[in-house]
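To keep things clear, I will list the structure first and then write my remarks on it.
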Amino acid sequence: MDPAAPSLAPKHVIVLDDDLTWREIALAVLAKHGFAGIPAATLDEALAAFDAGPVAVAIVDLVMPHNNGIQAITAIRKRDRGVAILGMSGSFGEYRAGGSAMRMAGAVELLAKHAGPAALAAVVVRLAGG
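Just so you know, our numbering puts the end of the sequence shown at 1166, numbered straight through with nothing missing.
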C-alpha cells in the first residue's frame, strides 16, 4: 500500500441527539453516503467517541434533557477545536436565539431537522470536506 495514498476509511460523524428515532434516521443517511455514524444519546457518550478516534463532524441537537446543544458544543469545542459542528433542531422557530447561541458556542452550520435527509447529507458531505 502506498503510504502517500489517501485513506479510504470512512469519516466518523457523531450524532448527538436524545431522540432515538431521529438518531437512527441520521445514522442511516450517513451510512448511505459512506460515513461511519456514531450514535450518542448524551454528551458523555459523544465525548467518549472523541477519545476513541478522529471525528470529522459532530451533529448536535439543540434541545436535550441534561445538557442542551449549546453546552454540548462548548464541551466538544474544548475536546476538539477542529471538528466541524452542525447544530440541529426541530424547534429553531420556537428557540430563535438557540441557533445564534449555537453559532456563538462553535457550530459552523445550522440545519432544521425538517430540512430532510438530502439536506442533511449535503451539509455533512460539505463539512467533512467531500
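Don't be surprised by glycine CBs; every beta carbon is placed ideally from N, CA and C.
Just so it is clear, the structure is predicted and the values come from calculations on it, not from any experiment.
Quiz item: Relative to the C-alpha of I1095, which residue among A1076, G1070 and D1080 is closest?
Solution: Distances from the CA of I1095 to each of A1076, G1070 and D1080 were compared; the closest alpha carbon is that of A1076.
Quiz prompt | Cβ-Cβ distance between I1074 and A1092 below 7 Å | solution = Taking a C-beta distance under 7 Å as the contact criterion, I1074 and A1092 do not qualify as a contact pair.
Self-check item: Residues of its chain near A1137, where Cβ-Cβ distance is below 8 Å and the 5 sequence neighbours each way are ignored
Solution: Hits under 8 Å: I1106.
Self-check item: Proximity to N1104 [Cα-Cα], best of L1079, G1089 and D1116
Solution: Cα-wise, what sits closest to N1104 is L1079.
Practice problem: Going by DSSP, name the residue or residues bridged to V1049. | Solution: DSSP lists G1073 and V1093 as partners of V1049.
Quiz item: Which one of I1061, H1069, W1058 and T1057 has the shortest CA to CA distance from H1048?
Solution: Taking only the C-alpha atoms, the option nearest H1048 is H1069.
Quiz item: Measuring CB to CB, does S1125 end up less than 7 Å from L1083?
Solution: Between S1125 and L1083, the C-beta spacing is not below 7 Å.
Quiz item: Which of helix, strand or coil does DSSP assign to G1123?
Solution: Correct three-state label for G1123: strand.
Quiz item: What residue from G1134, G1142 and P1101 has the CA that sits closest to R1115's CA?
Solution: The shortest CA-to-CA distance from R1115 to any of G1134, G1142 and P1101 is the one to G1142.
Quiz item: Secondary structure at L1098, three-state DSSP: helix, strand or coil?
Solution: Reduced to three states, the DSSP call for L1098 is coil.
Exercise. Would you kindly check if the distance between the Cβ of I1121 and the Cβ of V1144 is under 7 Å?
Key: Going by C-beta atoms, V1144 is nearer than 7 Å to I1121.
Self-check item: Where V1160 sits in the DSSP three-state scheme
Solution: In the three-state reduction of the DSSP assignment, V1160 falls in the helix class.
Quiz item: Is L1083 near the ligand COA, with its Cβ less than 6 Å from a heavy atom?
Solution: Among the components modelled here there is no ligand, and therefore nothing to report on the ligand COA.
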